[in-house]
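Undergrad: In short: position in the sequence shown from 1, add 69, done, that's the working numbering. Below you'll find the structure I mean.
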Amino acid sequence: MKPQVVFVLGGPGAGKGTQCSKIVENYNYTHLSAGDLLRAERAREGSDVGQLIASYIKEGKIVPVEITINLLRKAMDETMKNDEKKFRFLIDGFPRNEDNLQGWNTVMDGKADVKFVLFFDCGNEVCITRCLERGKSSGRTDDNWESLEKRIQTYLQSTQPIIKQYDKYGKVRTIDASRTVEEVFADVKTILDKEG
């Protein structure tokens, strides 16, 4: 069975992680956060790419695609090896740019099916407020003004064009993510119940 993938995209603080957690509780999906996988690899003792990842994250830049795809692929393989019923994946925060998308298409062509993109649409002001609030307790090095400004620029310049590309193929499901967690999740459920 090939992995069935839903790409989860939206600006920093749009609620991707929060909504993915709720989806996992209610549906048979495994949540893979590109950012979490990269942060874990950065912290892993003996990682040959940890230092490189750290400098990219600190600068608010996008990590080289080969690194991210290898981590995602390894995580999907391990999940499916441990439980063959776990073949549905939410990939959160990827693809972030054209390079990511090309890399995915090259490496994963025929190896995974992208069902659709779940796009959490949220204004920059709401996103910034949420991230600064999260930064008080998250311990994330990128939930601060300086990194946030760079992350939002990266999102606007690099990720939004990817969402537009998928939209041309009718593969984007857009949700207004500026509302409460419950209101947003009600829309998520409607989409997932329909898409299966």
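For each residue, glycine too, the CB sits at the ideal point set by N, CA and C.
1) Checking the sheet assignment: what are the DSSP bridge partners for arginine 242?
2) Would aspartate 212 be called buried (16 or more neighbouring beta carbons within 10 Å of its own) or exposed?
3) Which residue wins for smallest C-alpha separation from tyrosine 224, given the options Thr210, Cys191, Thr243 and Arg209?
4) So the candidates are Leu78, Val77, Lys71 and Gln88; which of them puts its Cα closest to the Cα of valine 250?
5) Would you please state the rounded distance, in angstroms, between the beta carbons of glycine 79 and alanine 246? I believe it to be under 8 Å.
6) Can you round the beta-carbon distance between lysine 184 and valine 74 to whole angstroms, since I take them to be within the 8 Å contact cut?
7) Counting beta carbon pairs with one atom in the stretch 135 to 144 and one in the stretch 192 to 200, are three or more of them shorter than 8 Å?
8) Quick one: Cα of glycine 172 to Cα of asparagine 97, how far?
9) I need the straight-line Cα distance from glycine 129 to arginine 142, nearest angstrom please.
TA: In this structure, then:
1) Leu187
2) The residue is buried, with at least 16 neighbouring Cβ atoms inside 10 Å.
3) Cys191
4) Gln88
5) 6 Å
6) The beta-carbon separation of lysine 184 and valine 74, rounded to 7 Å, stays under the 8 Å limit for a contact.
7) no
8) C-alpha of glycine 172 to C-alpha of asparagine 97: approximately 27 Å in a straight line.
9) Approximately 23 Å between the Cα atoms of the pair.
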